[in-house]
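Numbering (the working numbering), first residue to last: 48 to 313.
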C-alpha cells in the first residue's frame, strides 16, 4: 500500500489491477518451476474474495488518509476472525491460556493509537476489508489442495477479478485510469512481493504447516508493524510526541501478543 500513499493521485483501482498482474506474473514463474499449473475453482473463488478486500483496503488508504491506521483497523478484525475460525471451525489445538491473552494484547495494541475524535464507523472500508482478509482462506482450508497447488489458481482469481473491477469502474466513469510509468512499476513490484508473502501465509496455515489457521494467520499479520513504521518514518504520520509514544506502546503490546501466540503452539 506504500505506493498509494507515495502517489496519492494514482488511482487505487489502477494500483489494484497492476498489482494483480504482478502477482500473477510471480505465481506463473513459481508454477513454472514447480509444475503446479491448474485452475482449481476454490483457488479462483478465494482470489475473487481477496479482490473485494483488497479494493476496500486500497480505497481506505486514500479515503481515510491514514496509512498506519488503515493497517491497524484492517488487521485487528482479520486477527480476531482468523483466530475464531481456527479454534471454532477447524478445532485446531492451542493453549488457550496463552492464545486468548495473546489475541487480547494484539487487538488492544492495535487500537491504542486510534483517534478518539473520529467515529470508528467512518473507517468502514478498512474494517470490512479486515473481515474479508480474516476469512477468505477458509474455503482453501476445507479443500484438499496443497499450498503450491493453490497458489496459481488463487492468483488467477485475483488478476481476473481485479481487471474486471477496473473495467467496470472505467465504463462507469467513462474515462480510462491513468497509468504513469513510475507508480505503475512500483505497483507491479508490489504485486510480486505480495505474492511471495502470500505464499508464506499458505505454508503457515496449511494442514501440515507450522502453526495452523488460528495462530499462523494472526502471526503473519505482524506486517502491520511495518505499516506503522512506513507511516511514521517515511510519511510523517503521528508527528506529535504524544502520538508517537502511543504508537510505540502499541507496537510493544502487539509484539508481546505475538510472543504469547507463538508459545500457545508449543
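Yeah, the Cβ is synthetic: ideal placement off N, Cα and C, and Gly gets one too.
Original post:
Is residue 164 buried or exposed, if buried means 16 or more other CB atoms sit within 10 Å of its CB?
Top reply: Residue mapping note: residue 164 aligns to position 117 of the chain shown, counting from 1. With a pLDDT of 47 at residue 164, under the threshold of 50, the modelled position of this residue cannot be trusted, and the question is left open.
Original post:
Does the distance from the CB of residue 199 to the CB of residue 72 come in under 7 Å?
Top reply: The sequence position of residue 199 within the chain shown is 152, counting from 1. The sequence position of residue 72 within the chain shown is 25, counting from 1. No, they are not a contact pair.
**OP:** Just tell me which of 54, 90, 301 and 50 has its CA closest to the CA of residue 196.
**Re:** Position 149 of the chain shown holds residue 196. Among 54, 90, 301 and 50, the Cα nearest to that of residue 196 belongs to 90.
Subject >> Backbone secondary structure at residue 164 - three-state DSSP >> reply: As a first step, residue 164 must be located in the chain shown, where it is residue number 117. At residue 164, the pLDDT of 47 sits below 50, so the modelled position is not reliable; the number obtained from the coordinates is stated separately. Looking at residue 164 - three-state DSSP - the assignment turns out to be coil, as it is neither helix nor strand.
Original post:
For residue 304, is the beta carbon positioned less than 6 Å from some heavy atom of the ligand MG?
Top reply: For the ligand MG, the structure offers nothing, since it holds no ligand at all.
Subject >> Whole-angstrom distance between residue 283 and residue 64, CA atom to CA atom >> reply: Within the chain shown, numbered from 1, the residue matching residue 64 stands at position 17. Within the chain shown, numbered from 1, the residue matching residue 283 stands at position 236. Approximately 28 Å between the Cα atoms of the pair.
Subject >> Own chain, CB closer than 7 Å to residue 158, minus 5 neighbours either side, in chain order >> reply: Here residue 158 refers to the residue found at position 111 of the chain shown. Excluding residues within five positions, the ones whose Cβ falls inside 7 Å are 123.
Original post:
So, using beta-carbon positions, are residue 265 and residue 179 closer together than 7 Å?
Top reply: Along the chain shown, one-based indexing puts residue 265 at 218. Along the chain shown, one-based indexing puts residue 179 at 132. In this structure, residue 179 does not lie closer than 7 Å to residue 265 by Cβ.
Original post:
With a cut-off of 8 Å, do at least 3 Cβ pairs link the region 303-313 to the region 134-146?
Top reply: yes
Subject >> For residue 66, the nearest candidate out of 120, 251 and 209 (CA to CA) >> reply: The residue labelled residue 66 in the question sits at position 19 within the chain shown. The shortest C-alpha to C-alpha distance from residue 66 to any of 120, 251 and 209 is the one to 209.
**OP:** Flag this pair as yes or no: are the beta carbons of residue 272 and residue 245 separated by less than 7 Å?
**Re:** Working through the chain shown from its first residue, we reach residue 272 at position 225. Working through the chain shown from its first residue, we reach residue 245 at position 198. No, Cβ-Cβ distance for residue 272 and residue 245 is not below 7 Å.
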